[in-house]
Each structure stands twice: as C-alpha cells, then as structure tokens.
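Residue numbers (the numbering used here): 25 to 647.
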C-alpha cells in the first residue's frame, strides 16, 4: 500500500480531550486497556474458529507478551490474535470512539456468546498517549492476502499509515515512553501494574526485559506467565477444596491469616456473576475494619469497593466479584447507576444472608465460634439494609454473661417470668463487674454489647419490635435488688433515707444527688449507682454530638446512689452517733466513689482525691 497521511476523525459525542489525558484518573490504566485489547483480539479469533470461519492449528497456544526496553524507552504489547487490515485501522483506530469490540459483537451476536469481549468503547487504545509521546501499531490480519500495516501517531490529531513488515498474524503496539510515563520503564513497577489489573486475564501474559543496556539487576525473562487464566472463582464450587479457597485468599489479598469462611457466588441468570466473598478475622473496633472487594469485568480488574455493586456493609469483607454484564462507563472505573446494578447488589446481599442462615442452622457451634468476629459486620448490615435484617434476624446471636450464645427469642423466652420483653445488657464487663455479680446472685441474665455498633443496633431493634426494650445493668433495677421481708418499717426507711441524702449532699456538695436505701441480697456490696436507661442514652448522644455546639454537661446527671442497709459501713452511718465527723465524711465520699468506679471512669481530679483518701483511711486503721 502507498503511504497515507490524514487527520483522526473524532466523534464529537465522545469528547476529544481523551487525547489530552482527561479520560482516566490513573495513568497506569493504559496497561489494563492495552492488555484487554490484546485479549479481545485473541477472543475474536477463537470465536471465528469455533464458527468455522477461520482454520487454526489445534496445538496453537495464545498468549500476550509485554516487552520492556528501558534503554530504548519502549514498552511493546504483543498478541497473536485476529490482527487488523488497513481498512479496519481506518475504522477502529482513526475514528476515535468507534469500538471494534462492539462492532464485532453486533456482527456475531447470534452465532456465539460463549466468550466475553472485554472492550465496549473504543477509547482504551488512546490511554497509551497518557504515558507515550509516540505510538506505533504493527499488525497483520488473519485474513488471507492482506498486507501488514504500520500505523504511527505522535499524540496529535495526525497519523501516518503504510505497509508494515510483520510476518505473522497479530498485533504489536509499541509505546515510546515520554516523561509522564518514565516510572513504567522500571520492571518492578510494570510487573506490579500487570499484577494489579491482569492477574486473572483469560490468556497467559508474559513480561520480558530486553535490550543490551538493561541493568544487570533487572528481572530476568519470565519463565512462567504472570497471571492465572482460570482463577478459582471461575470454577464450580464443587470443583474447589477448602485448601483451594484458602490458597486463593492468601495469594489474592496477601493475608496469611486464614479466613473464617467464604461464599462462592455463581450465577448465570438473569445476569452473569461469579465471585468469592471471604469473611476475614476482623479487628475489635468497627471503625478500623478494612475490607477489599475487587471488582472485575470479564476477568479484567475494574476497581476496589464500588458501592453501587457491593452493598456498603459488605465492603468490610474481602473478595473478588466478576460480572461481565456490568454497565461500565467509558473509563471502566465507574458504574452507570441503574436498576440492573441494584439487582446485582440485592443478589449479593441475599447470598450472604443465605450463607449465614445456613451456618446457623447446620453448624451452630462453628457459627458461635466466629460470631465475635462477624457480628459487627452483620449488625452494620442490618442498620444499612432493612431487607438484609429481615433475612438474618433469626440468626443474630447475643453473648451472655454466662458465656453462652443465644438468639433474642431464646433470651426473652428464658426471662419471660422475670422481666418480660426486656433485655439487660453490659457495655463493659470489667467496669460493670459489680452489677454482673449482682445479676448472677439474683439468677438474672444479661447480654454483652460492648461494640460501638451496638448502641444504634439496639435502638433499631427497639423500633422494629413492639414492646421490646433494652436496659443496661446499671439502669433502674430497684425491684430486683430488694430482699424479701425487710425488717424496718416504711416510715423508718424513709427517715433513714432522708438522713443519708442530706448527709451525702452536704459532704459531696451536690444538692441534686438522689440517695436510696435498700437491703441488698449481697451484704458485701456497700453502694452502687443507678442511672435510668433514658438518661444514660441522652448523655451518650450528647457526648457524641457535643461538638455541634451543644454543651453535653447540660444533660448530665449523677444518677441515683443506692446504699445497702445490710452493709456495716452504711448501717454505721445511720446508727453510730459517736462517729467522728471527719471519718464520717470520708466514708460518705468513699462510698460514692466506689459506686462511681463500677459505673464509669472517675475524672482525674476525682481519682486523685480517691487515692489520697484511701491512703488516709488506711493510715487511720493502724494509728
């Protein structure tokens, strides 16, 4: 053919600034796009072969080669796929945004749909100009009696096209790397980029470092492909062993802690979706959990953690999802937000719920074993997705102070004759140990809710369950702590209660302090603080939103101080008229601080006074 020159034909609706590097946010995307194009070229050829439109050697192997020459500042992407004629280059390259993949699919859509074509937009090739100052295409079509073609463009709107010298079917795309792409001339960087985007591509990918001036410490030529052409998620679940799943997890996420369990997604209708979701051993704090869901389109990496496809609460997991039907936009990095995408998200959420329910019903002991690791994610899911809550409601567990796991229904059934429709809970089993002991002494049970997600979670349950209420173990529980057959009369009790309230208010200089006198079953317990559930939740909310301009101290209350009439210290305060006033005052302050220590943390000033007072009281014992 004679040498030709011309101007690139730009379809205005697809925006010419792609040439000026505005289409993709990450420059390394060019690796994905050019390897994807090479993969498409091979897939097209194989499709034609299956339709008997081209004869191929049965032993022919297909592969993609990436050749790096640091001295020449070039990177070559080579395939032995379908190749192009000069007319096809004019149509698919010179007319920017005319997708060859889309044209091919339209032509053969009724003949074969076994293999997926990756490209849809025709713009991927031009991502090369984000890093290259010049690009050459050396190609030869599979069609007989066609000449090879050499196409050259320096990144402007002009090109040159002439007869090439390539002897075999396929395409080489040579990038002459400019300043903006010089980091990719490093073999390690290029290899990492290939690993990021092309780990699961359907054809073997090889990287070679060539050139006489290549550094001595440069990576040697790869003897094996960089990628896995048939990743585990593309297989049927029945073909995979537990070890296969664990090995795939470790290799994909570089996490050598074994996952708790996994879900293999395999769906062909009404959309094509495959993948594996892993439940890793999670951290203790909800806000530090970091998951990673890798999204692929026909085995090509698209992005991490795309919320349109992956329900937000599942982003805490690790996994791989491949959906060739995803409606990507031209950069393949963002999804068009439509009903189809929502259907995928709903499907994934349901599969997770089904897995959890299955484990709960058939492997409850194992399920209980990793409940502490997975419960933050499940609770987060119930808050974010009402349908997910409905699906997993019966599989939600609560750990009790008796170190057992129960469902909400099991807990309420056990407590039916003691406190109907009320759930007592603990937020700090160490600090609230005194209350836990009191519960156990009264044969009462409580559940542990010590995670930051638990506060909104129980509020959600209360809103959905009629008459259900949650109360912390240090809330208004007077009726559970009285001893039957109190000795003193109501009038005597009231008199003593008023005396103690006046005394404690004077000593503590707190006119609002409420003091109650009760006879507790545990005689070793001298005092405790009771704070109503409503008041405590208001305090917690104000502490959370105090930065919004409201002073959280406005809503603070000291709660009610409960004094045990059966304890010797309390009885002495009532009956011992000869007790030294200074000693009496210290005992009052100490009883209050002891109660507060089991309820919340003392302020630094209060703790300093408590330690000083403790030393003084101990000194008086030996003086």
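No residue lacks a Cβ here, since even glycine has one placed at the ideal position from N, Cα and C.
| Query | Result |
| --- | --- |
| Can you tell which of 305, 303, 343, 539 has the C-alpha that lies nearest to the C-alpha of residue 320? | 343 |
| If you run the structure through DSSP and keep just helix, strand and coil, what is residue 589? | coil |
| With three or more C-beta pairs closer than 8 Å as the rule, is the region 55-62 touching the region 217-232? | yes |
| Could you check if residue 162 is buried or exposed, using at least 16 other CB atoms within 10 Å of its CB as the buried criterion? | buried |
| Give the single residue among 190, 546, 234 whose Cα lies nearest to the Cα of residue 209. | 234 |
| Identify which residue in 539, 197, 414, 365 has its Cα closest to the Cα of residue 485. | 414 |
| In the DSSP assignment, find the beta strand (DSSP E) that holds residue 612 and state where it starts and stops. | That residue, residue 612, is in no beta strand (DSSP E); its alpha helix (DSSP H) goes 605-621. |
| From the DSSP output, which residues share a beta bridge with residue 320? | 325, 346 |
| On the CB-based measure, 16 or more other CB atoms within 10 Å of its CB, does residue 293 come out buried or exposed? | exposed |
| Drop a sphere of 10 angstroms on the beta-carbon of residue 74, count the other beta-carbons inside from all chains shown, and report buried for 16 or more, exposed for fewer. | exposed |
| Around the C-beta of residue 52, are 16 or more other C-beta atoms found within 10 angstroms, so that it is buried, or is it exposed? | buried |
| Quick one: is residue 27 buried, meaning 16 or more other Cβ sit within 10 Å of its Cβ, or exposed? | exposed |
| Report the residue from 492, 370, 548 whose alpha carbon sits nearest the alpha carbon of residue 590. | 548 |
| Are there 16 or more other CB atoms within 10 angstroms of the CB of residue 648, so buried, or fewer, so exposed? | This structure does not reach residue 648, given that the chain is present from 25 up to 647, and the question cannot be answered. |
| For residue 185, count neighbouring C-beta atoms within 10 Å of its own C-beta (all shown protein chains included) and say buried if the count is 16 or more, exposed if not. | buried |
| Would you identify the three-state DSSP class for residue 75, choosing helix, strand or coil? | coil |
| Tell me the residue span of the alpha helix (DSSP H) that contains residue 105. | Looking at the DSSP string, residue 105 is not in any alpha helix (DSSP H), and its letter there is neither H nor E. |
| Quick check on DSSP: helix, strand or coil for residue 392? | helix |
| Could you check how far apart the C-beta atoms of residue 539 and residue 555 are, in whole angstroms? I think they sit under 8 Å. | Actually they do not touch by this definition, with Cβ atoms about 14 Å apart. |
| According to DSSP, is residue 202 part of a helix, a strand, or is it coil? | coil |
| Once the 5 residues before and after residue 535 are set aside, which same chain residues still bring their CB inside 6 Å of it? | 529 |
| Run through DSSP, which three-state label would residue 177 get? | strand |
| With three or more C-beta pairs closer than 8 Å as the rule, is the region 384-401 touching the region 363-375? | no |
| For residue 268, which residues in the same chain have their Cβ closer than 8 Å to its Cβ, ignoring the five residues on either side in sequence? | 256 |
| So for residue 543, helix, strand or coil by DSSP? | coil |
| Using a Cβ-Cβ cut-off of 6 Å (strictly less than) and excluding sequence neighbours within five positions of residue 207, which residues of its own chain qualify? | 213 |
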